[in-house]
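Trainee: Sequential numbering of the sequence shown, starting at 11, is according to this note's numbering.
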Amino acid sequence: MTTGQPAPGRKGVLVVGDLVTDVLVVHVGSLAVGSDTDARITVGGGGQAANTAAWLAQAEAQAGAGPDARGQAEDESGGGEGGGVTLIAATGDDHAGRERIAELLAAGVRCAVRAHPGVPTGSVVVLSSTGERTMITDRGAALLLDPADVTAAVKTAHDASHLHLSGYPLLHAGSRPGGLAALAAAAERGLTTSVDAASAEPLRQLGAEVFLDLVRGTDLLLCNADEAAVLAGAGTAEEQSARLARSARNVVVKLGADGAVWRGEDGLLRLIGGVRVPVIDPTGAGDAFAAGLLRAWCSGAGPQAALEAGAALGAAAVQTLGARPAV
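In structure tokens form, the structure reads like this:
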């Protein structure tokens with residue numbers, strides 16, 4: 011049983027989930043179906059878990075508490091000691107997978123990543139326009155997140171205080187055992203846990219009750235407005251957070267430019283307004299929000315301060331191109 015907030019004496023954060031290649035397509039106006047649409051196209055690292063880890067590492071480095079701008083490669087299923095940020099994930103044993111790991115190491119993220127021969131690293135085509143994005147996904151090796159690898163990595167991360175799980179592993183049968191193993195290993199070690207609900211359409215396909223049963227008892231559940239509607243039904247964010255609080259000790263509903271709400275285990279509701287900034291690309295903004303919030307919360311901040319930190323980092327993310335901070 012955890013106390014509901016990470017232990018301040020331990021600094022490390024474990025992030026479990028997806029590491030993929032993003033093909034980001036930024037276009038203006040509607041797609042000309044059956045013809046050509048001008049766009050700016052870039053290729054780089056993506057994946058909700060990996061993005062969150064990268065933003066966390068940047069926040070740690072800026073605070074002077076993280077690695078010295080270099081990550082630390084781990085043995086295939088190893089964890090890593092000390093503070094900082096560790097990503098636990100799966101890629102293909104291919105050029106793309108090696109590039110994705112190298113990017114994270116350069117960003118200061120430790121990597122406990124299994125490379126699977128014969129399976130490609132996952133890829134996502136992200137169509138981004140006017141503040142919205144649509145994703146076309148091939149999860150690839152991300153579906154092979156192995157429970158034994160995850161458990162070993164969690165058990166050997168001795169200074170970790172918190173485990174953050176991207177919801178994507180829970181949404182697919184192949185990776186679900188790995189996601190559940192992460193939560194179980196964290197509970198065994200007494201780590202606090204958070205889960206990001208990931209994406210509305212896969213949640214809809216899995217079913218709200220199934221997903222909420224999988225994450226029941228987690229210390230913090232994060233979802234955006236679309237995900238909250240799937241999981242809690244229609245209503246205001248305040249109403250939805252109250253329903254979701256039956257499944258998690260704390261619930262955050264992100265409202266994009268309109269801010270966010272936090273429903274605490276004390277039953278109190280905290281609100282924050284949106285940070286108005288010019289939007290270049292919304293890709294990864296929710297992951298940055300989660301990272302800012304988690305970094306503050308894991309450092310002992312209360313819900314209001316954690317929301318403000320999340321909003322600040324999310325606002326920074328939408329002003330850059332791509333899902334990650336610049337290295």
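By construction, the Cβ of each residue, glycine as well, lies at the ideal position given by its N, Cα and C atoms.
If you measure between the beta carbons of T166 and S204, is that distance less than 8 Å?
Mentor: Taking the first residue of the sequence shown as position 1, residue 166 is located at position 156. Taking the first residue of the sequence shown as position 1, residue 204 is located at position 194. No, they are not a contact pair.
Trainee: My understanding is that A152 touches V328, with C-beta atoms under 8 Å, so please give their C-beta distance in whole angstroms.
Mentor: Start at 1 with the first residue of the sequence shown, and residue 152 comes out as number 142. Start at 1 with the first residue of the sequence shown, and residue 328 comes out as number 318. In fact, because the Cβ distance is near 25 Å, the residues do not count as touching under 8 Å.
Trainee: Exposed or buried, Q72, counting other C-beta atoms within 10 Å across all chains shown (16 or more means buried)?
Mentor: In the sequence shown, residue 72 corresponds to position 62, counting from 1. So Q72 counts as exposed.
Trainee: Sorted by chain position, which residues of the same chain lie with C-beta nearer than 7 Å to A325's C-beta, five sequence neighbours on each side aside?
Mentor: As a first step, residue 325 is located in the sequence shown; it is residue number 315 there, counting from the start. Only V285 and V287 meet the Cβ criterion.
Trainee: Flag this pair as touching only if the segment 296-307 and the segment 53-65 have three or more C-beta atom pairs under 8 Å; answer yes or no.
Mentor: Touching, per the Cβ criterion.
Trainee: Suppose you measure from the CA of A244 to the CA of Q68; what does that come to, to the nearest Å?
Mentor: The count along the sequence shown starts at 1 and reaches residue 244 at position 234. The count along the sequence shown starts at 1 and reaches residue 68 at position 58. For A244 and Q68, the distance between alpha carbons rounds to 36 Å.
Trainee: Report the CB separation of V33 from I51 in whole angstroms; it is logged as a contact under 8 Å.
Mentor: As a first step, residue 33 must be located in the sequence shown, where it is residue number 23. As a first step, residue 51 must be located in the sequence shown, where it is residue number 41. That pair is a contact at about 7 Å.
Trainee: Strictly by DSSP, which residues pair up with G55?
Mentor: Here residue 55 corresponds to residue number 45 of the sequence shown, with the count starting at 1. According to DSSP, which records beta bridges pairwise, G55 is partnered with T31.
Trainee: Quick one: what's got a C-beta closer than 8 Å to L213's C-beta in the same chain, skipping five residues either side?
Mentor: Sequence index remark: in the sequence shown, residue 213 carries index 203 (1-based). Cβ neighbours of L213 beyond the five flanking positions: G177, L181, A207, F221, E237, V240 and L241.
Trainee: Taking only the alpha-carbon atoms, compute the straight-line gap between S40 and G332 and give it to the nearest angstrom.
Mentor: Stepping through the sequence shown from its first residue, residue 40 is reached at position 30. Stepping through the sequence shown from its first residue, residue 332 is reached at position 322. Taking the straight line joining both Cα atoms gives about 20 Å.
Trainee: Exposed or buried, A158, counting other C-beta atoms within 10 Å across all chains shown (16 or more means buried)?
Mentor: Start at 1 with the first residue of the sequence shown, and residue 158 comes out as number 148. Classification for A158: exposed.
Trainee: In the DSSP assignment, find the unbroken beta strand (DSSP E) run with R334 in it and report its ends.
Mentor: Working through the sequence shown from its first residue, we reach residue 334 at position 324. Looking at the DSSP string, R334 is not in any beta strand (DSSP E), and its letter there is neither H nor E.
Trainee: Work out the CA separation of P335 and G54 for me, nearest whole Å.
Mentor: For this step, residue 54 is matched to residue 44 along the sequence shown. For this step, residue 335 is matched to residue 325 along the sequence shown. G54 and P335: Cα-Cα distance of roughly 12 Å.
Trainee: State the Cα-Cα distance for the pair L114 and C121, rounded to the nearest angstrom.
Mentor: Numbered from 1 along the sequence shown, position 104 holds the residue referred to as residue 114. Numbered from 1 along the sequence shown, position 111 holds the residue referred to as residue 121. C-alpha separation (whole angstroms): 7 Å.
Trainee: With DSSP collapsed to three states, give me the class of G22.
Mentor: Counted from its first residue, the sequence shown places residue 22 at position 12. Looking at G22 - three-state DSSP - the assignment turns out to be strand.
Trainee: I'd like the span of the beta strand (DSSP E) that includes H174, first residue to last.
Mentor: As a position in the sequence shown, residue 174 is number 164, starting the count at 1. That run of the beta strand (DSSP E) goes A170 to S176.
Trainee: Use the C-beta contact count for S45: other C-beta atoms within 10 angstroms, 16 or more gives buried, fewer gives exposed.
Mentor: Stepping through the sequence shown from its first residue, residue 45 is reached at position 35. Exposed, since its Cβ has fewer than 16 Cβ neighbours within 10 Å.
Trainee: Based on Cα-Cα distance, which residue from L201, G188 and H37 lies nearest to V160?
Mentor: Walking along the sequence shown from the start, residue 160 turns up at place 150. Among L201, G188 and H37, the Cα nearest to that of V160 is on G188.
Trainee: For the alpha helix (DSSP H) containing R186, name the first residue and the last one.
Mentor: The residue given as residue 186 occupies position 176 in the sequence shown. R186 to R199 is the extent of the alpha helix (DSSP H) around R186.
Trainee: Flag this pair as yes or no: are the beta carbons of G320 and A300 separated by less than 8 Å?
Mentor: Taking the sequence shown and counting its residues from 1, the one referred to as residue 320 is at position 310. Taking the sequence shown and counting its residues from 1, the one referred to as residue 300 is at position 290. Yes. Within cutoff.
Trainee: Look at the Cβ atom of A306, then the Cβ atom of A315, and state whether they are nearer than 8 Å.
Mentor: Here residue 306 refers to the residue found at position 296 of the sequence shown. Here residue 315 refers to the residue found at position 305 of the sequence shown. Contact: yes.
Trainee: Less than 8 Å between the C-beta atoms of P292 and R143, yes or no?
Mentor: Here residue 292 refers to the residue found at position 282 when the sequence shown is read from its first residue. Here residue 143 refers to the residue found at position 133 when the sequence shown is read from its first residue. Closer than 8 Å, so yes.
Trainee: Mind pulling the beta strand (DSSP E) runs of 3 or more residues that sit fully within the segment 121-160?
Mentor: With a minimum length of 3 residues, the continuous beta strand (DSSP E) runs that stay inside the segment 121-160 are 133-139 and 142-148.
Trainee: Grouping DSSP H, G and I as helix and E and B as strand, with all else coil, what is G320?
Mentor: Against the sequence shown, residue 320 aligns to sequence position 310. Helix.
Trainee: Pull up the distance between the alpha-carbon of E275 and that of A258, whole angstroms please.
Mentor: As a position in the sequence shown, residue 275 is number 265, starting the count at 1. As a position in the sequence shown, residue 258 is number 248, starting the count at 1. Computed Cα separation, rounded: 8 Å.
Trainee: Restricting to Cα atoms, I'd like to know which of L137, V262, R280 and H168 is closest to A49.
Mentor: Within the sequence shown, residue 49 is the residue found at index 39, counting from 1. Ranking L137, V262, R280 and H168 by Cα distance to A49 puts L137 first.
Trainee: Quick check on the DSSP output: the beta strand (DSSP E) that includes S251 runs from which residue to which?
Mentor: Position 241 of the sequence shown holds residue 251. First-last for S251: A247 to L254, but that is the alpha helix (DSSP H), not the beta strand (DSSP E).
Trainee: Whole angstroms are fine: how far does the CA of L154 sit from the CA of T147?
Mentor: To locate residue 147, count along the sequence shown from 1; it is residue 137. To locate residue 154, count along the sequence shown from 1; it is residue 144. C-alpha separation (whole angstroms): 15 Å.
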